[in-house]
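Participant: Which chain is which? The protein sequence lines are A and B, in order. Just so it is clear: in the first sequence, position 92 is 92 by my numbering, and no numbers are missing. With positions in the second sequence counted from 1, the corresponding number in my numbering is that position plus 1000.
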Amino acid sequence: MSSFKVFDIASSGMSAQNLRMNLVASNLANVDAVSSSTEATYRSRQPVFRTVLDAQQPDGATAGVQMAGVVESPAPLNRDYAPHHPMADEEGYIYRPNVNPMEEMANMISASRSYQNNVEVINSARQMLAALINLGR
Amino acid sequence: MKLDDAFGIHEHAVRLRTQRAEILAGNLANADTPGFKARDVDFAALLRRELPGDVRLAATRPGHIGNDTRGVSAHQLMYRNPQQASLDGNTVDAVREQVEFSANAMQYQASLRFLEGKLRSLLTAIKGD
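(1) Helix, strand or coil for V6/A? Go by DSSP, reduced to three states.
(2) On the premise that G136/A lies in contact with E1011/B, defined as a C-beta separation below 8 Å, what is that separation, rounded to the nearest angstrom?
(3) Using the C-alpha atoms, what's the distance from S1121/B back to L1087/B?
(4) Listing by chain order, which chain A residues have their CB less than 8 Å from the CB of E1116/B?
(5) Spatial neighbours of M108/A within its chain, please: CB distance less than 6 Å, with the 5 preceding and 5 following residues excluded, ordered by chain position.
(6) Cβ closer than 7 Å: which chain B residues qualify as neighbours of I9/A?
(7) Between which two residues does the beta strand (DSSP E) holding I43/A run?
(8) Could you check whether Q1019/B and V1072/B sit closer than 9 Å to each other, using their CB atoms as the reference points?
(9) In the DSSP output, what is V71/A paired with across the bridge?
(10) Out of P101/A, Q116/A and A88/A, which one is the CA nearest neighbour of S35/A?
(11) Under 7 Å Cβ-Cβ, which residues of chain B neighbour G64/A?
(12) Tell me which residue opens and which closes the beta strand (DSSP E) that N78/A is part of.
(13) How about V65/A and V52/A: are their beta carbons less than 9 Å apart?
(14) Please list the partners that Q46/A has in chain B, where partner means a Cβ-to-Cβ separation under 9 Å.
(15) Within the same chain, show all residues whose beta-carbon is closer than 6 Å to that of S44/A, passing over the 5 residues directly before and after it, in chain order.
(16) Between which two residues does the beta strand (DSSP E) carrying R96/A extend?
(17) Could you spell out the range, first to last residue, of the alpha helix (DSSP H) harbouring F1036/B?
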């Protein structure tokens, strides 16, 4: 009997969604972080998920998930003309992050739902295992 | 009657249900992975292979390709037909997987209940009261 890998798989999903939620929080927190050059401006950060296949059986059944990396959004920064702003450059422009709050909110809800799905999987798997342990009592 | 046969099909069913739970959990964990294809097995066909009436090729050396591998192997894993695939190539429908997972868990518990009954009758036979 296999070692009940459901827990490992669901927990990999939970930690991936957790990291995604952290990125959403980071993006939303920095939504108004103004700066005076394109290089110094915060860019929206997005997670890249990747399937983790079992090393013993690469084409096998079980597959967890992991965060392959974080990419910064290539969307253009918002440049505003605000000559009296303390962060304005010599031409009078300030740069705002390319974070889209609406996208981030949708992202947050999706991450939260996926996290809940994984929690439900763990709950069900726990009941399955508990029933197995109590077999024959 | 051999003790191995006492539990009948339910012993195999419980093991296969566990493996199917792992597959479905993998689908749910990868619900947001770009390009991931949801997978599942034909449970009835898998269970039929576990029955004693199934004819198997003899595999006498390690290199032989036999059909005597128990449980889920790679070629029995199938891809689910997506009702609505996402743009990033992911075919996991979280609702569908959730339903399949809980149905699988219920059927697992049912198999356990059958095993429990078998155990009880064995115990009654042993104790004789």
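C-beta atoms are modelled at their ideal positions from N, C-alpha and C, and glycine is treated no differently.
Facilitator: Quick answer:
(1) helix
(2) About 13 Å separates the two Cβ atoms, so there is no contact after all.
(3) 55 Å
(4) L135 and G136
(5) V24
(6) E1022, A1025, G1026 and A1029
(7) It should be noted that the sequence gives Arg, not Ile, for residue 43/A. Careful: R43/A lies outside any beta strand (DSSP E) and carries neither H nor E.
(8) yes
(9) Q46/A
(10) A88/A
(11) G1026 and A1029
(12) N78 to Y81
(13) yes
(14) None at all; the shortest Cβ gap to chain B is about 11 Å.
(15) N27, S73, N98 and V99
(16) Y93 to R96
(17) Premise fails: F1036/B is in no alpha helix (DSSP H) and is neither H nor E.
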